[in-house]
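Residue numbers (this note's numbering): 84 to 502.
Glycine included, C-beta positions come from ideal geometry on N, C-alpha and C.
The structure displayed is predicted, hence computed values, not measured ones.
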Amino acid sequence: MDHVFTLGTERHNLRMKAMDIVEIDQTLDEWHEEMKALRRDLHSHPELAFEEHRTSSLIKDKLEQWHIEVADGIALTGVVGIIRGRQTGARAIGLRADMDALPLKEENTFAHASVHANKMHGCGHDGHVLMLLAAARFLALHNDFCGTVYVIFQPAEESGGGAQKMMAEGLFDRFPMDAVFGMHNWPGLPLGHFGIKPGPIMASTNSFHITVKGKGAHAAMPQLSNDPVVAIAQLALALQTVVSRNLNPVSSAVLSITQMNVGSAHNVIPAAGTLVGSVRTLAVDVLDLIEKRVKELSLTIAEAFGCEAQVNFVRNDPPTINHDEEAEFCLQVLKSSFGENEIHTDIEPSMAAEDFSWMLLKKPGCYIWIGNGALTQPGSGHGTMSCALHNSHYDFNDQLIKVGARYWVRLALAKLPNQ
Ligand SMILES: [Zn+2]
Ligand SMILES: [Zn+2]
Numbered sequence: 084m085d086h087v088f089t090l091g092t093e094r095h096n097l098r099m100k101a102m103d104i105v106e107i108d109q110t111l112d113e114w115h116e117e118m119k120a121l122r123r124d125l126h127s128h129p130e131l132a133f134e135e136h137r138t139s140s141l142i143k144d145k146l147e148q149w150h151i152e153v154a155d156g157i158a159l160t161g162v163v164g165i166i167r168g169r170q171t172g173a174r175a176i177g178l179r180a181d182m183d184a185l186p187l188k189e190e191n192t193f194a195h196a197s198v199h200a201n202k203m204h205g206c207g208h209d210g211h212v213l214m215l216l217a218a219a220r221f222l223a224l225h226n227d228f229c230g231t232v233y234v235i236f237q238p239a240e241e242s243g244g245g246a247q248k249m250m251a252e253g254l255f256d257r258f259p260m261d262a263v264f265g266m267h268n269w270p271g272l273p274l275g276h277f278g279i280k281p282g283p284i285m286a287s288t289n290s291f292h293i294t295v296k297g298k299g300a301h302a303a304m305p306q307l308s309n310d311p312v313v314a315i316a317q318l319a320l321a322l323q324t325v326v327s328r329n330l331n332p333v334s335s336a337v338l339s340i341t342q343m344n345v346g347s348a349h350n351v352i353p354a355a356g357t358l359v360g361s362v363r364t365l366a367v368d369v370l371d372l373i374e375k376r377v378k379e380l381s382l383t384i385a386e387a388f389g390c391e392a393q394v395n396f397v398r399n400d401p402p403t404i405n406h407d408e409e410a411e412f413c414l415q416v417l418k419s420s421f422g423e424n425e426i427h428t429d430i431e432p433s434m435a436a437e438d439f440s441w442m443l444l445k446k447p448g449c450y451i452w453i454g455n456g457a458l459t460q461p462g463s464g465h466g467t468m469s470c471a472l473h474n475s476h477y478d479f480n481d482q483l484i485k486v487g488a489r490y491w492v493r494l495a496l497a498k499l500p501n502q
C-alpha cells in the first residue's frame, strides 16, 4: 500500500511505500546487537566538549568501513559523512547528531557505566550518534535517492559552542545543503514516540553578571558608606518585576537570580558586590526587552543608592525555532512512518536550550524529540527505564537506535526523491 501525501507545492509531492518500512526495520534489526554494543561502548567512554577524539575516530572508522566518504577535524573533533544518492542532483540535506558528554559523576552501576570519573553521557548523545550512524549505514547501502545526505557529528553541544564552531569552519560552505535536521531523546515522552511542533521548541540561554560598586565603611558607621549590599538587595527584587510587569503575559521567559556575592565580614560594609543570573526566552524580541530592562534597573537602582553598576549581559544560544514548512514536512514523514498515536504535536516548548538553534538561523530545518520513556528512576537492570536528562542515573534506551534511524532514513528518502 502506498501512502501519498502532498505538501504545499507540487515539488513536495511525495510517495512513500509501506514496504520501505519493513525493509528498513529488517535491516536495522539485523544490526541491532552491533549498534547496541557500540552505543554502550560510547556510554562507557564519555568525552567532554572538543575532547571527543575517541568518539570521533570511532565514527570515522565506522563510516569508512561502510564506504562512506568522511571529512573530519571540523571544529577539532567534528565529523561529516557524505552519502551520495544513486541519482546525482544538486539537492542536499544535513542530519545532525551531537556527541559530547557532561562533567557529571555517573551513579549507574551497570556494565557500561562511565569508566571516567566525573564524565558521563547524561544527555544521551551516545544514543544520538548511534541513531545517525545506523541511518548513515542504511542510506549508504540503499542510496536510492537523488542528491546528497550529509551526516553531521557535532562536538561540544553542552558547552563550548560546537555548532557555531563547525559553521565558522565552513560547514555550510564545504557541504552546501538546503535544510538541516536535528533530534534529541526526551525522557518523559513515551518510549519511541515523537514530539514535534513548528516555531520555538527550545529556549534561548543567556546570563547576566552585574557588578555594583559603592563605598565601604565600618559596619557601625553606615553614614560613611554607599552600601552596595542594600543596592544589590533592592536590585534582586526589582529584577523579579521584568517578567511579571514588563513582558506581555502571553510571552514565555524565565529570569532567575542564581548568585549574590557581597561582603566578607560581619562588621564591614563592603565596597562592591555582584549579582548573577540566567535568562531564558522563546523569542528574540522578548530577550531584547529583558536585556534592556536588566540594564536600566541595574544602572538606576545602583545610582539611587550612590553606587555604580556595570552589566555584562551574555547571549549564549538563541531559541531553537523550527521552520514551519520543514516542521510540516517532518510531521508528514513521521505520520507515514509511525503510528498516529505515537506522534505528539501538542508538546510545550522546553526552557532548556540547544545549540542546533544556530544552524536553524542559517538553514531551514526542524528539530524534534524522540521519547526515551517514562520519567522514573532506573531499577535493577538497565536500558529499559529512563530518568531525566543530566541526571546521574540517566541512560539512553537502546531500543531507540532503530526507531530514530528509521526516522532519519525515511526523512532523507522523502526529502531527496528520485526525479
Ligand atoms: Zn544536555
Ligand atoms: Zn543533549
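Self-check item: Opening and closing residue of the alpha helix (DSSP H) in which Ile484 lies
Solution: Leu483 to Lys498
Quiz item: Just the Cα atoms here: how many angstroms apart are His86 and Val492?
Solution: For His86, the predicted structure reports a pLDDT of 38, less than 50, and the residue's modelled location is therefore unreliable. A value from the coordinates is still provided. Roughly 16 Å separates the two Cα atoms.
Quiz item: In the structure shown, what three-state DSSP assignment does Gly464 receive?
Solution: Low confidence applies here, because Gly464 scores a pLDDT of 44, under 50, leaving its location unreliable; read the following figure in that light. In the structure shown, Gly464 sits in coil (DSSP, three-state: anything other than H, G, I, E or B).
Quiz item: Lys446 to Gly177, Cα distance in whole Å?
Solution: 10 Å
Practice problem: Let me know the beta strand (DSSP E) ranges lying completely inside the region 403–471, each 3 residues or longer, listed in chain order. | Solution: 403–405 and 448–454
Self-check item: Cβ-heavy atom distance, His208 to ligand 2, below 7 Å
Solution: yes
Quiz item: Quick one: Cα of Gly513 to Cα of Ala319, how far?
Solution: What is shown of the chain runs 84 to 502, which leaves residue 513 out entirely.
Quiz prompt | Simplified DSSP state of His476, which is helix, strand or coil | solution = coil
Quiz item: Do you know how far the Cα of Val367 is from the Cα of Met434?
Solution: 14 Å
Quiz item: Comparing the CB of His276 with every heavy atom of ligand 1, is any distance shorter than 7 Å?
Solution: no
Practice problem: Whole angstroms is fine: what's the gap from Pro401's alpha carbon to Ala286's? | Solution: 7 Å
Quiz item: Considering Phe258, what are the terminal residues of the alpha helix (DSSP H) in which it resides?
Solution: First-last for Phe258: undefined, no H or E at that position.
Quiz item: In the region 252–334, which residue ranges form an unbroken alpha helix (DSSP H) of at least 4 residues, counting only runs that do not cross its ends?
Solution: 254–257 and 311–324
Self-check item: Terminal residues of the alpha helix (DSSP H) in which Leu224 lies
Solution: His208 to Leu224
Quiz item: How should Leu224 be labelled, buried or exposed, when 16 other C-beta atoms within 10 angstroms of its C-beta is the threshold for buried?
Solution: exposed
Self-check item: Inter-residue spacing [alpha-carbon to alpha-carbon] between Lys485 and Glu437
Solution: 23 Å
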